[in-house]
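If you read the sequence shown in this note's numbering, its first letter stands for residue 33, the second for the next number, and so on.
Written below as structure tokens is the structure these notes are about.
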Amino acid sequence: MEEFLTKYLGVPEGHIQCLLTVTTPTRKKIIDTLLGLSTSPQIQHGDNIIIYFAGHGSSYDLEDSGPFEADDISAVGFIQALCPVDRTASGIDISIHDISDREINTILAEISRVKGNHITLILDC
33 MEEFLTKYLG VPEGHIQCLL TVTTPTRKKI IDTLLGLSTS PQIQHGDNII IYFAGHGSSY
93 DLEDSGPFEA DDISAVGFIQ ALCPVDRTAS GIDISIHDIS DREINTILAE ISRVKGNHIT
153 LILDC
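See the structure below:
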């Protein structure tokens, strides 16, 4: 993807953030990197933003817990999620959750509010 962006789309290498090592794409790092897009001085309002995730995904059935309701919005079905590298870390006594589609939507809404809505999200999971 990095080669495609630089070679074919002419994106400067300094404008690309990659989380490629085995330990880098943790839940915190993924969320911090995404939220950082809304505060980055390199990104001006109206600039094109491409977010690409290749990794594991998951989905959780909501029917077991009943319909989801918040702010007069009701949803049944399932929640889709991105699986960060630290979600199943062994030897850790704390639970690290996947990144739900609702969290991603909230983060994208914040980026859009600050930088405009020229955001493309590509998920390969």
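Each residue gets a CB set at the ideal place from its N, CA and C atoms; glycine is no exception.
Contact under 8 Å by Cβ, residue i with residue j
i	j	result
G78	G148	yes
L155	F85	yes
S70	D130	no
I63	I139	yes
C157	G46	no
I136	R59	no
E34	C50	yes
According to DSSP, residues forming a beta bridge with residue i
i	result
L155	F85
I131	L114
S91	Q112
Range of the contiguous alpha helix (DSSP H) that encloses residue i
i	result
L67	59 to 71
Exposed unless 16 or more other CB atoms sit within 10 angstroms - verdict on residue i
i	result
A113	buried
I48	exposed
P73	exposed
P44	exposed
V117	buried
L52	exposed
L66	buried
Where the beta strand (DSSP E) through residue i begins and ends
i	result
L114	110 to 114
Chain-order list of residues whose beta-carbon lies under 7 Å from that of residue i (same chain, five-residue window excluded)
i	result
S144	I151
Cβ neighbours of residue i in the same chain (closer than 8 Å, five flanking residues each side left out)
i	result
R134	I111
R119	R59, I128, H129, D130
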